[in-house]
Amino acid sequence: MIVNGSGSVTRVRVTVRLREAGNYQCTVINDRVTDGTNGVINGVQALNSATFLSLSVSNTPTGLTATRLNTGLAHVRLSWSTVSGATGYEVYYQLFSNTSVNVGSTASTAISIISGLSQRSTYTFYVVSYGSASLPSGNASVMESF
1 MIVNGSGSVT RVRVTVRLRE AGNYQCTVIN DRVTDGTNGV INGVQALNSA
51 TFLSLSVSNT PTGLTATRLN TGLAHVRLSW STVSGATGYE VYYQLFSNTS
101 VNVGSTASTA ISIISGLSQR STYTFYVVSY GSASLPSGNA SVMESF
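In the UniProt record's numbering, the protein residues as written are 1 to 146.
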């Protein structure tokens, strides 16, 4: 955005769409010319500023498995491998639609789901990891039919 006048503000939005693990840095540099005084040659003063945004994306969990807990009920236990540096995991499921239902979060590498699931249905379960100073990872998924 370029604005002619004092007090103008430029807004920068950074959108992260990929969930590939790693560390990233975004640099925004703002250069502007003002009609300064105070010993500035020909009344022109050049100003610049830089803003740095560092972020990291956690690794994707691996080895996700779904184990039925009871053949007569729609209960399942999900487990996966530890992600180095992860402080927690978010667990979701999907049934027939693109709408994900949040099961909850956990600091361990397993969770049991004993409510909210229905017989004669197939679910896709997802797990993402996150760190204290990182964005969530890509998701690991597994399907289970009841």
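Beta carbons are placed, not taken as given, at the ideal position from N, Cα and C, and that holds for glycine.
**Cβ of THR67 within 9 Å of any chain D Cβ** = Any reference to chain D falls outside this structure, which holds one protein chain only.
**Message:** Between the alpha carbons of PHE146 and THR122, how many angstroms are there, rounded?
**Reply:** 6 Å
**Asked** From this set, SER134, TYR130 and TYR126, which residue's C-alpha is nearest GLY63's C-alpha?
**Response** TYR126
**Request:** Please report how far the alpha carbon of SER97 lies from the alpha carbon of GLY85, in whole angstroms.
**Result:** 32 Å
**Message:** What ranges does the beta strand (DSSP E) occupy inside the UniProt domain "Fibronectin type-III" (60-146), keeping only unbroken runs of at least 3 residues that lie completely in it?
**Reply:** 65-70, 75-79, 88-94, 100-106, 110-113, 122-130 and 140-145
**Request:** Inspect the beta-carbon positions of GLU90 and VAL142 and report whether they are closer than 9 Å.
**Result:** no
**Which residues DSSP lists as bridging SER58, in chain order** = In DSSP, SER58 forms no bridge with anything.
**Request:** Taking THR87 and TYR24 to be in contact with their CB atoms under 8 Å, please state how far apart those CB atoms are, rounded to whole angstroms.
**Result:** Rounded, the Cβ-Cβ distance is 19 Å, inconsistent with contact.
**Cβ separation of THR65 and GLN94, assumed to be a contact under 8 Å, to the nearest whole Å** = No, THR65 and GLN94 are not in contact; Cβ-Cβ is about 17 Å, not under 8 Å.
**Request:** Report yes if the C-beta distance between VAL83 and ASN59 is below 9 Å; otherwise report no.
**Result:** In this structure, ASN59 lies closer than 9 Å to VAL83 by Cβ.
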